[in-house]
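Worksheet for the structure shown next.
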Amino acid sequence: MEPTGEQSPHHAYPDHWEADVVLRDGGTARIRPITTDDADRLVSFYEQVSDESKYYRFFAPYPRLSARDVHRFTHHDYVDRVGLAVTIGGEFIATVRFDRIDERGRPASAPADEAEVAFLVQDAHQGRGVASALLEHIAAVARERGIRRFAAEVLPANNKMIKVFRDAGFTQQRSFEDGSVHLTLDLEPTAESLAVQRAREQRAEARSVQRLLAPGSVAVVGVGRAPGGVGRTVLRNLLASGFTGRAYAVNTSFAEDQGTVEGVPAHRSVGGIGEQVDLAVVAVPADRVPEAVADCGEQGVQGLVVLTAGYAERGTEGRERQRELVRQARSYGMRIIGPNAFGIINTSDAVRLNASLAPESPKAGRIGLFTQSGAIGIAVLSGLHRRGAGLSAFISAGNRADVSGNDLLQYWYEDQGTDVALLYLESLGNPRKFTRLARRTAAVKPVVVVKGARHSGSNPPGHAVPVSRIPDATVSALMRQAGVIRVDTVTEMVDAGLLLAGQPLPDGPRVAILGNSESLGLLTYDACLAEGLRPRPPRDLTTAAGPRDFRNALAEALADRTSDAVIVTAIPWVGENGEAETGDGEVLAAALREAAATGPAKPVAVVHVEMGGLAQALAAATSTAARPESRPAGPAPGPNPDPGAPSAAPAGGGGRSEDPAPGTPATDEHVNGPAGPAAGRIPAYPAAERAVRALAEAVKYAQWRRHAAAPGKVPAFLDDTIDEHGTAGLIGTLLGPDPDPRGRPLPHDEARELLARYGVTVRAALPAPDPEAAVAAAAKLGYPVALKTTAPHLRHRADLGGVRLDLANENALRRSYDELTDLLGAPAELRPVVQAMAPRGVDTVVRASIDAAAGAVLSFGLAGAPSELLGDTAHRLVPATDRDAAELIRSIRAAPVLFGWRGSAPVDTAALEELLLRVSRLVDDHPEVVSVALEPVVVATDGLTVLGASVRLAPPPARSDLGPRRLPSY
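If you want the working numbering, it's the 1-based position in the sequence shown plus 4.
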């Protein structure tokens with residue numbers, strides 16, 4: 005909203021303060037600056053506030069606002085006087101205002117850094133978290149305008165407002181003066197205030213998803229008068245699923261006396277229903293969607309599933325239509341799944357919702373599935389159905405203009421009905437937030453992700469989100485750091501999901517293999533080695549083995565303390581007539597279930613070849629109901645007391661006990677389910693490689709879970725050797741008062757000075773524009789020396805002959821100088837330098853860079869073309885901990901070179917880890933350092949030497965993860 009001419013001409017309307025937020029109950033609202041055009045809205049708002057709330061605001065009876073009040077509360081300069089309003093449907097529901105004051109409490113201007121703040125929330129909207137959201141936003145505005153403290157006077161009886169201030173997490177002081185509580189809040193964000201903000205965000209966004217998935221009533225807008233069509237199909241699917249709430253059919257073309265359609269009330273509009281509608285499924289042409297959204301919004305509908313296509317996937321015009329759809333829906337407090345969505349499903353017996361185009365609801369289960377593609381969603385639903393798996397919820401978000409995978413992670417984090425989260429993603433709208441939420445969710449339940457559109461360099465049509473330039477390999481590494489199980493295909497996602505949902509997590513990588521085919525056992529053994537597992541020699545039961553032999557062998561393998569998991573391989577028995585007996589799968593399944601039920605809790609997977617009925621029988625081993633017993637994954641102290649009883653599939657292993665209070669995560673107590681793997685389904689795979697890959701992912705995830713329970717830290721000694729304040733001053737000087745937005749690379753000497761303030765010493769390199777200068781430099785540094793070019797096209801390219809090492813005297817230096825210039829070009833082009841030789845060691849590369857979407861990333865690899873060609877580089881998000889640094893250098897494929905490969909001496913990895921931590925700390929403390937590259941870093945047996953360094957400074961990119969809560973706006 006643009007200001008009128010009465011607004012201060014010196015300070016333009018700050019449209020970047022506008023934000024959509026999710027409130028505590030899951031509804032949305034808009035926060036924006038108050039303008040001179042808001043006089044009527046302000047008066048109307050005030051009239052709806054109770055006398056008690058007015059008294060709390062003004063400390064006296066104040067029945068109405070005077071014209072002077074209205075003028076004062078709607079005229080702001082957006083610097084010293086700022087007012088924000090919360091709106092729903094265009095009308096105010098709350099306001100907040102600050103006025104800058106001096107040390108005596110009188111009106112002031114900058115540089116005064118304190119302001120008086122006051123809130124007013126309509127009584128009907130109190131308790132929705134409105135004031136808490138407003139405080140976050142007005143505090144961010146104040147910090148932007150140079151205000152560091154808020155002062156507030158609150159009546160002692162106004163407990164709600166006192167609680168808002170007290171619970172915000174800011175450093176504060178309280179005193180009682182003249183009959184009121186005087187509060188002073190330091191607006192600098194703290195760890196506590198950030199934690200409070202994120203906890204509120206989680207509860208609100210989880211609740212918003214819950215409102216979509218568990219409605220008490222559903223209206224399908226766009227139900228055709230004749231059978232067929234999208235709307236009619238969705239309505240029939242909704243009714244066929246046994247939806248427990250009320251259903252309505254809506255179409256503006258219905259006759260006045262239409263009565264019913266498919267047995268449910270039919271109406272020409274949502275407004276004509278006359279009852280509360282929680283969810284609307286919109287299936288009308290795109291040009292009629294705005295009318296349908298307005299109809300829903302005016303009747304208080306809580307959320308929309310928009311199946312209609314014709315939005316951002318259709319180009320620029322469709323993208324703008326999509327933005328307007330989101331703006332319109334949010335203005336009414338509604339969230340959207342879609343547009344171009346396939347629909348949503350909730351199999352909970354209390355809901356039984358199928359508001360999708362899927363003709364049949366999946367079985368109830370404990371796997372949650374989110375996809376950004378309807379076609380992929382159909383494929384995954386079909387694959388899970390064939391393998392007997394059930395779902396807790398399914399969401400196909402289409403263009404994901406509003407509700408995204410991040411929202412589902414917020415919901416699944418505390419959802420006790422979901423033990424494994426599967427996500428098919430084609431774009432990441434907010435990578436920083438995704439990794440943060442994924443890490444938290446993965447700490448209590450597995451998160452399995454397939455990322456589509458990995459190599460296109462752009463987002464799929466319809467996904468109007470920022471494009472990250474981070475290579476896919478880096479994205480994968482960052483997901484791994486967050487505990488996400490990243491797989492390459494939808495088939496692998498289903499394979500991993502089935503194992504994690506049906507079996508406990510393994511305690512380690514040791515795998516027992518048994519079966520009736522020596523060849524299939526060997527294939528499984530080889531696959532285990534290829535995936536980094538530690539298989540025991542396969543146990544061949546021979547082709548004569550029967551179900552009882554399998555049962556006994558599996559029981560022994562489970563009881564064996566030298567194995568952490570078991571893979572059973574099976575081929576059909578051959579009868580006396582030489583024909584394969586393929587119909588004995590049910591018998592074998594029963595035998596395997598019996599053995600697994602009485603053994604310790606270890607994951608079991610089955611590889612079978614044409615065993616009729618085996619996969620189906622294993623999948624049908626249990627019901628989907630959760631068992632009350634739960635215990636951490638690991639060896640069981642004894643047999644399952646009721647091995648034949650049905651139980652839920654454990655998520656690493658999962659049943660659930662009593663649901664905890666809202667907002668409580670699904671802790672190990674809730675996710676680690678029954679005592680033995682037979683309590684869940686035993687997954688069956690048609691190929692050894694698929695079973696082993698799924699098991700390997702479970703092993704890596706279990707290891708991450710163990711490490712996540714005791715996270716690393718940044719060593720305290722770094723604080724004593726780092727000059728953070730001095731570095732900030734130096735960066736300010738180097739950037740200057742008006743820095744170039746594109747940034748500037750630092751010359752060698754400036755880069756050395758900057759890095760030295762963080763304890764990173766770069767070996768001096770003296771310029772050698774001619775042979776005499778080279779000899780003088782060598783005399784200063786001392787022989788032996790290295791002569792190398794620094795031209796951009798030759799930097800770090802020893803393979804092109806641009807480096808000469810171990811030059812022991814002047815003659816060798818002059819000869820090398822002549823060779824270099826004869827081979828590669830004139831000195832002015834080559835920019836040669838002379839550097840003292842470093843101790844022998846392994847050449848490595850340390851880098852850090854900032855991506856505007858994902859944040860700062862720390863990278864490590866060996867120097868040289870082979871590592872670059874093979875992409876052998878490891879990555880971690882900044883800030884890195886001591887554990888991150890240790891894992892970083894051990895996770896590259898060439899890591900053995902650092903640890904004494906082929907009899908060489910191990911290098912000083914402790915010094916290398918410290919260097920990584922120092923670089924991480926530098927870019928974390930100073931976001932203006934947008935790029936650092938140390939190459940090469942020669943790591944010797946004792947210490948290391950940084951021979952080359954490049955640093956780039958630039959104004960820091962805006963960080964969306966540190967500001968107040970807001971929904972993305974693309």
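For glycine and all other residues, C-beta sits at the position ideal for the given N, C-alpha and C.
Rounded C-beta distance between Leu-191 and Ile-151? I'm assuming under 8 Å.
Taking the first residue of the sequence shown as position 1, residue 191 is located at position 187. Taking the first residue of the sequence shown as position 1, residue 151 is located at position 147. Indeed, because the Cβ distance is near 7 Å, the residues count as touching under 8 Å.
Let me confirm a value: Asp-106 is counted as buried when at least 16 other C-beta atoms fall within 10 Å, else exposed. Which label applies?
Locating residue 106 in the sequence shown gives position 102, counting from the first residue. It counts as exposed.
Given this structure, state the Cα-to-Cα distance separating Val-305 from Ile-277, to the nearest angstrom.
Residue 305 sits at position 301 when you count from the first residue of the sequence shown. Residue 277 sits at position 273 when you count from the first residue of the sequence shown. If I take the Cα positions, the gap works out to 12 Å.
Could you tell me which residues DSSP puts in a beta bridge with Arg-36?
To locate residue 36, count along the sequence shown from 1; it is residue 32. Note: Arg-36 sits in a beta bridge opposite Ala-89.
Taking the alpha-carbon positions, what's the Val-281 to Val-718 distance?
Numbered from its first residue, the sequence shown carries residue 281 at position 277. Numbered from its first residue, the sequence shown carries residue 718 at position 714. For Val-281 and Val-718, the distance between alpha carbons rounds to 52 Å.
Our contact map puts Ser-979 next to Ser-396 with C-beta atoms below 8 Å; I'd like the distance itself, whole angstroms only.
Because the chain is modelled from 5 through 974, residue 979 falls outside the range shown and cannot be assessed.
Among His-15, Thr-32, Pro-18 and Ala-782, which one has its Cα closest to the Cα of Arg-970?
Residue numbering aside, residue 970 sits at position 966 when the sequence shown is read from its first letter. Cα-wise, what sits closest to Arg-970 is Thr-32.
Asp-406 classed as buried or exposed, judged by whether at least 16 other C-beta atoms fall within 10 angstroms:
The count along the sequence shown starts at 1 and reaches residue 406 at position 402. Result: buried.
Selected residue, minimal CA-CA separation from Tyr-529, among Ala-122, Gly-550, Asn-520 and Val-696:
Start at 1 with the first residue of the sequence shown, and residue 529 comes out as number 525. Answer by Cα proximity: Val-696.
Using DSSP's beta-bridge definition, name the partner residues of Val-927.
Position 923 of the sequence shown, counted from the start, is the residue given in the question as residue 927. DSSP, once it has assigned bridges, lists no residue as partnering Val-927.
Would you say the beta carbon of Pro-115 comes nearer than 6 Å to a heavy atom of the ligand GTP?
For the ligand GTP, the structure offers nothing, since it holds no ligand at all.
If you reduce the DSSP assignment to three classes, tell me which class His-79 lands in.
Reading the sequence shown from its first residue, position 75 is the one you call residue 79. In this structure, His-79 counts as coil in the three-state DSSP scheme.
Can you tell me which of the three DSSP states Arg-969 falls into?
Residue 969 sits at position 965 when you count from the first residue of the sequence shown. It is coil, neither helix nor strand.
Alpha carbon to alpha carbon, how far is Leu-482 from Ala-781? Give it in angstroms, no decimals.
Taking the sequence shown and counting its residues from 1, one reaches residue 781 at position 777. Taking the sequence shown and counting its residues from 1, one reaches residue 482 at position 478. If you take the alpha carbons of Ala-781 and Leu-482, they lie about 43 Å apart.
Counting only the same chain and skipping the five closest in sequence on each side, list residues whose C-beta sits under 6 Å from that of Ala-958.
Residue mapping note: residue 958 aligns to position 954 of the sequence shown, counting from 1. Gly-747 and Val-934.
Buried versus exposed call for Ser-521 [16 or more other C-beta atoms within 10 Å across all chains shown]
Within the sequence shown, the letter at position 517 stands for residue 521. Burial call: buried.
Three or more beta-carbon pairs under 8 Å between the region 879-888 and the region 913-923, yes or no?
yes
May I have the straight-line CA-CA distance separating Val-608 from Ala-619, to the nearest angstrom?
The sequence position of residue 608 within the sequence shown is 604, counting from 1. The sequence position of residue 619 within the sequence shown is 615, counting from 1. Their Cα atoms are separated by approximately 13 Å.
Can you round the beta-carbon distance between Ser-400 and Gly-378 to whole angstroms, since I take them to be within the 8 Å contact cut?
Numbered from 1 along the sequence shown, position 396 holds the residue referred to as residue 400. Numbered from 1 along the sequence shown, position 374 holds the residue referred to as residue 378. That belief holds up - the Cβ atoms of Ser-400 and Gly-378 are roughly 5 Å apart, short of 8 Å.
Which term fits Phe-721, buried or exposed, when burial requires 16 or more other beta carbons within 10 angstroms of its beta carbon?
Walking along the sequence shown from the start, residue 721 turns up at place 717. Exposed, because fewer than 16 other Cβ atoms sit within 10 Å of the Cβ of Phe-721.
Just reading off the alpha helix (DSSP H) that Ser-863 is part of, what are its end residues?
Taking the sequence shown and counting its residues from 1, one reaches residue 863 at position 859. Counting along the chain, Ser-863 falls outside any alpha helix (DSSP H), though it belongs to the beta strand (DSSP E) covering 859-866.
How is Arg-710 classed by DSSP in three states: helix, strand or coil?
In the sequence shown, counting from the first residue as 1, residue 710 sits at position 706. Note: Arg-710 maps to helix in three-state DSSP.
Span of the beta strand (DSSP E) around Lys-455:
Residue 455 sits at position 451 when you count from the first residue of the sequence shown. Element bounds for Lys-455: 451-455.
In this structure, how does DSSP classify Asn-350 when only helix, strand and coil are distinguished?
As a first step, residue 350 is located in the sequence shown; it is residue number 346 there, counting from the start. Residue state, collapsed to three classes: strand.
Any idea which residues DSSP pairs Arg-748 with across the strands?
The residue labelled residue 748 in the question sits at position 744 within the sequence shown. Arg-748 is bridged to Leu-957.
Mind checking Ser-523: buried by the 16 CB within 10 Å criterion, or exposed?
One-based indexing of the sequence shown puts residue 523 at position 519. Per the 10 Å Cβ criterion, exposed.
Quick check on Ser-853: does DSSP put it in helix, strand or coil?
Counted from its first residue, the sequence shown places residue 853 at position 849. Note: Ser-853 maps to strand in three-state DSSP.
Cα-Cα separation between Val-911 and Asp-171, rounded to whole angstroms
Within the sequence shown, numbered from 1, the residue matching residue 911 stands at position 907. Within the sequence shown, numbered from 1, the residue matching residue 171 stands at position 167. Approximately 50 Å between the Cα atoms of the pair.
Do Val-943 and Val-846 have their beta-carbon atoms positioned less than 7 Å apart in this structure?
Within the sequence shown, numbered from 1, the residue matching residue 846 stands at position 842. Within the sequence shown, numbered from 1, the residue matching residue 943 stands at position 939. Closer than 7 Å, so yes.
Let's see if you can read the secondary structure: which residues bound the alpha helix (DSSP H) around Gln-177?
As a position in the sequence shown, residue 177 is number 173, starting the count at 1. Premise fails: Gln-177 lies in the beta strand (DSSP E), 175-181, not in any alpha helix (DSSP H).
Anyone know if the C-beta pair for Phe-102 and Val-90 falls short of 7 Å?
Sequence index remark: in the sequence shown, residue 102 carries index 98 (1-based). Sequence index remark: in the sequence shown, residue 90 carries index 86 (1-based). Not in contact: Phe-102 and Val-90 (Cβ atoms no closer than 7 Å).
Put Pro-743 into one of helix, strand or coil per three-state DSSP.
Taking the sequence shown and counting its residues from 1, the one referred to as residue 743 is at position 739. Here Pro-743 sits in coil by DSSP.
Going by other Cβ atoms of all chains shown within 10 Å of its Cβ, with 16 needed for buried, is Arg-331 buried or exposed?
Position 327 of the sequence shown, counted from the first residue, corresponds to residue 331. Label assigned to Arg-331: exposed.
Kindly identify the DSSP beta-bridge partner or partners of Asn-358.
The count along the sequence shown starts at 1 and reaches residue 358 at position 354. For Asn-358, which the question treats as bridged, DSSP gives the partners Ile-349.
For the region 724-742 against the region 547-565, are there 3 or more C-beta pairs whose distance is under 8 Å?
no
Proximity winner among Ala-119, Arg-851 and Thr-793, relative to Glu-823 (alpha-carbon distances):
Counting from one through the sequence shown, the residue named residue 823 turns up at place 819. Closest option to Glu-823, Cα to Cα, is Thr-793.
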